[in-house]
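Student: Top to bottom, those sequences are chains F and H.
All letters in the first sequence, in the order written, are residues 1 to 358 by our numbering.
All letters in the second sequence, in the order written, are residues 1 to 358 by our numbering.
Number of protein chains: 2
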Amino acid sequence: MSHIYMEQVLSSNLVISIDAMGGDNSPRVVIEGLAIAAKKNPDVRFLLFGDEAKVMPILTQFPALQKVCEVRHCTEMVHNEDKPSQVIRNKNTSMYMAIDAVRKGEAQAIVSAGNTGALMAISKIVLRTITKIHRPAIVSIMPHRNGKYVMLDLGANTECDAINLAEFALMGDILARHTLNLEKPRVALLNIGAEEMKGKEEIRQAAKIIKHSHMNIDFIGYIEPHEMSNGVADVIVADGFTGNIALKSVEGTAKLVVRLLKDSIKHSILAKFGLPFMLGVMLRVKKTMDPRLYNGAMMVGLNGLTVKSHGGTDALGFSVAVNNAANLVRQNFVATIKSEIENVDLDELSQEILYDMY
Amino acid sequence: MSHIYMEQVLSSNLVISIDAMGGDNSPRVVIEGLAIAAKKNPDVRFLLFGDEAKVMPILTQFPALQKVCEVRHCTEMVHNEDKPSQVIRNKNTSMYMAIDAVRKGEAQAIVSAGNTGALMAISKIVLRTITKIHRPAIVSIMPHRNGKYVMLDLGANTECDAINLAEFALMGDILARHTLNLEKPRVALLNIGAEEMKGKEEIRQAAKIIKHSHMNIDFIGYIEPHEMSNGVADVIVADGFTGNIALKSVEGTAKLVVRLLKDSIKHSILAKFGLPFMLGVMLRVKKTMDPRLYNGAMMVGLNGLTVKSHGGTDALGFSVAVNNAANLVRQNFVATIKSEIENVDLDELSQEILYDMY
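#1: Identify the contact partners of F/Ala254 in chain H, using a Cβ-Cβ distance below 7 Å as the criterion.
#2: Hey, does H/Arg204 have any beta-carbon neighbour from chain F nearer than 9 Å?
#3: Return the residue from the list F/Leu127, F/Ala206, F/Ser94, F/Leu270 that minimises the CA-CA distance to F/Ser350.
#4: Using DSSP's beta-bridge definition, name the partner residues of F/Ala366.
#5: Let me see if you follow: with CB-CB separation under 9 Å, is F/Ile265 close to chain H or not?
#6: Tell me, please, whether the region 266 to 285 of chain H touches the region 163 to 177 of chain H by the rule of three or more beta-carbon pairs shorter than 8 Å.
#7: How long is the line joining the alpha carbons of H/Ala361 and H/Ile31, rounded to whole angstroms?
#8: At a CB-CB cut-off below 8 Å, which residues of chain F make contact with H/Lys148?
#9: Cβ of F/Thr242 less than 9 Å from any chain H Cβ?
#10: Skipping 5 residues on each side, what residues in its chain have a beta carbon closer than 7 Å to that of H/Gln8?
#11: So, is F/His144 buried or exposed, given that buried needs 16 or more other C-beta atoms within 10 angstroms?
#12: According to DSSP, is F/Asp347 helix, strand or coil?
#13: Mind listing which residues of the region 268 to 284 of chain F have their C-beta closer than 9 Å to chain H's C-betas, in chain order?
#14: Between F/Ala321 and the rest of its own chain, which residues show a CB-CB distance below 6 Å, the 5 nearest in sequence each way excluded?
#15: With distances taken Cα to Cα, identify the nearest neighbour of H/Asn343 among H/Thr93, H/Val150, H/Asp234, H/Ile133.
#16: Would you verify that the beta carbon of F/Thr288 is, or is not, closer than 9 Å to some beta carbon of chain H?
#17: Give every residue of the same chain whose Cβ lies closer than 8 Å to the Cβ of F/Gln66, excluding the five residues on either side of it in the sequence, and list them in chain order.
#18: Distance check for H/Leu154 and F/Gly22, CA to CA, integer angstroms please.
#19: Mind checking which residues open and close the alpha helix (DSSP H) that includes H/Asp173?
#20: Per DSSP, F/Met97 is paired with what?
#21: Taking F/Met77 as the reference, give the member of F/Glu70, F/Lys91, F/Ala64, F/Arg45 with the closest Cα.
#22: How long is the line joining the alpha carbons of H/Leu293 and H/Arg204, rounded to whole angstroms?
#23: Bridge partners of H/Leu189, per DSSP?
#24: Along chain F, in chain order, which residues have C-beta atoms closer than 9 Å to that of H/His134?
#25: Quick check on F/Lys211: does DSSP put it in helix, strand or coil?
#26: Alpha carbons only, please: which of H/Ile99, H/Leu346, H/Met95 is nearest the one belonging to H/His79?
#27: Please list the partners that F/Val360 has in chain H, where partner means a Cβ-to-Cβ separation under 7 Å.
#28: Can you tell me whether F/Tyr358 is helix, strand or coil according to DSSP?
#29: Cβ atoms of H/Cys69 and H/Asp51: under 9 Å apart, would you say?
#30: Counting pairs of beta carbons, one from the region 208 to 220 of chain H and one from the region 223 to 243 of chain F, are three or more of them closer than 8 Å?
#31: What's the C-alpha gap between F/Leu261 and F/Gly252?
#32: Any Cβ of chain F within less than 9 Å of the Cβ of H/His226?
#33: Can you check whether the CB of H/Ile130 is closer than 9 Å to the CB of H/Ile337?
#34: How many Å lie between F/Phe49 and F/Ile99 at the Cα?
#35: Which residue spans inside the region 61 to 138 of chain F form an unbroken beta strand (DSSP E) run of at least 3?
#36: Quick check: what's the CA-CA separation for H/Gly221 versus F/Lys83?
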């Protein structure tokens, strides 16, 4: 299919590329999710990469969606057990082709519910890291007591040095200003104690670099995980291993409490009488904690926008990831990060700081 | 005070040494907690280390407790901001003296709500690590969907190598058999993915060592934090940084959900009608998640039993920590760990495994 033809079909200038084959129940969940997202985002068109034999029978059930979709057939896909080193060599998978559409300028963002490691690896190879950023990070927006916060890295980098962490802080600050509409986000490093001496060496060094970064960041120091939900910080920075552990602990506990409530109500006749009165409250709490409404982690630090949907989410969850991608494109997020980062040289700064220490 | 006099006063053979000055509201919370614990444990006597001028006025309000207590006056105490390197040099603090009583054989366990880093540092210096264990760990027993699990390390060791992690697995297995009464606990390593290749190098190596340790451990592989509360593992092993992050994330989220429920009920007239019916359910869930009922983290791997109470807990919470200490003494836990560990040489094993790999 020629490039010219594509531009005719996709006459809107907001195009999102979709890996139709990623996730547990693809392509059904993906397409049903797109149908929800398309209603909410009438200015967006979709470029779907996947097996036509599987995609078309479902897509034709959603005529309104079909009108804003172009399907690009591909025979291969990335599997959950595939290693990043393998997937970057196969340019014929739906994931690779969907990401490559962003590099070619055919789309402004890519959304996939597939293998996270593969998505990050291909995005890095194809889109490349932006100048002055050493490593991209996975970012999510999370609920706290009276609002939301930005958290990164959630799993892209198992090990990080102080400069990586400081770069995450910079990108998180920019993201919080643009997505949470905060003038001066409070930025914190995740650690196991609030005292300066606590935690790992790289975290303590990152604190020094951020403090001196001339980026005018409102750095509030360390935050412990049990304070994350109190709303004291707007950006929380960690290495990918630690961030992933914290994120999944939060998810697991929220589920446990809801399950305990359900089990307990099931075994209480009295509670069943009270249930109709409490339904509103329960639904409100459930909604605040609903992981589907926070679906769509962004990969930041790349020359292009990759959004990762949870592999096990449903259509509503996938649609939220697509909404997030569309909003970030509208805000011109990648260009903003690039231009703001241009003025900071953390490498040089960290050398100065380390020099001062000895 | 002579050793002979002490043995007369403390005629029971189960003696627990108490740092009366540790924690946020000491010595009041400590003594009120002991009053609760004393009722539950009539076979236990207490050796209290603290400032008599502060301890006695409160202790005399609990005559039954006073009968089973001996107070040892000390003028100094460890503060929250004290560094481990300082506190190990001052032998006159209530914490140091309380730990030293275990070394002298005057008590079989020590409980403190003071500074965790200091408690671990003094315990290591005074009680020493048991043979074949390189580093002690902080262990807690946590709630899951339909029972409890043992988790370690929760913060003693910020960085751990594969052998440390394997040793924690061994100690956790023993602890789960004795405190949770399980014949064959399922042991897992905390990681950010279930696949073999995921996570950090030291975790992957630890998995190999545990599999080959001839300790007959039921090793089930990696567990992700959101699975911890599902009850699939009885022992969960992590380095101290990761374990602490996971533990505090769980605590924070449990609090967030309870707070959201409360806030939501406050703003709903309908919910207030239903509340009386739901009270039983709410209380049951609150009780299952109540951090006070899981208070009292043990330091394992030492020639003596140190139990750390949360610094901000109340009397009930402190009493739970004392109960835990008493139960572990009754089960002769330290001697059990020592004798079971005697037959394993993980150092040698890890050399074999690394040799096989190349």
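Positions of the beta carbon are idealized from the N, C-alpha and C atoms, including for glycine.
Tutor: Considering the structure as presented:
#1: Thr253, Val257
#2: no
#3: F/Ala206
#4: Missing from the structure shown is residue 366 of chain F; chain F here goes from 1 to 358 and no further.
#5: yes
#6: no
#7: Any question about residue 361 of chain H goes unanswered here, given that chain H covers just 1 to 358.
#8: Correct list: empty, because the minimum Cβ distance to chain F is about 13 Å.
#9: yes
#10: Per-residue confidence for H/Gln8 stands at a pLDDT of 41, beneath the threshold of 50, marking its modelled position as unreliable; no derived number is given.
#11: buried
#12: helix
#13: Ser268, Leu270, Ala271, Lys272, Phe273, Gly274, Leu275, Pro276, Phe277, Met278, Leu279, Gly280, Val281, Met282, Arg284
#14: Val111, Asn295, Gly296, Val307, Ser309
#15: H/Ile133
#16: yes
#17: Leu59, Thr60
#18: 36 Å
#19: 162 to 179
#20: BP columns for F/Met97 are empty, so no partner.
#21: F/Lys91
#22: 33 Å
#23: H/Tyr222, H/Val237
#24: The contacting residues do not exist; H/His134 stays about 19 Å from chain F at best.
#25: helix
#26: H/Met95
#27: Chain F is shown only over 1 to 358; residue 360 of chain F falls outside these bounds and no answer can be derived.
#28: Confidence is the limiting factor: at F/Tyr358 the pLDDT is only 49, short of 50, which leaves the residue's position unreliable and the question unanswerable from this model.
#29: no
#30: no
#31: 14 Å
#32: yes
#33: yes
#34: 10 Å
#35: 69 to 73, 109 to 112
#36: 19 Å
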